[in-house]
Amino acid sequence: MLVLLIVVLVVWLVLAVVGFAIEGLMWLAIIGIILFVATAAIGMIKRKALHR
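Everything in the sequence shown is counted per full-length UniProt numbering, starting at 1 for the first residue and increasing by one.
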């Protein structure tokens, strides 16, 4: 599960970098950042729930 979370986070990070690199794809960078933060938050919540 942790490996899948890391892979998804890397994909969102790559999308954000590509969005910033290509000027016309700024929307892709914004979506990538939002999805990165959301995935990280969900991963942290699930990880805390597993330790209980």
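All C-beta atoms in this analysis are idealised placements derived from N, C-alpha and C, irrespective of residue type, glycine included. Bear in mind the structure is a predicted one, so any value in this text is a computation, not a measurement.
Note down, in chain order, each residue of its chain lying with its Cβ closer than 7 Å to the Cβ of I33, except the 5 sequence neighbours on either side. A16
Three-pair Cβ contact test at 8 Å for the segment 44-52 versus the segment 11-25: no
Less than 8 Å between C-beta atoms, sequence neighbours within five positions excluded: which residues of the same chain meet that for M26? G19, F20
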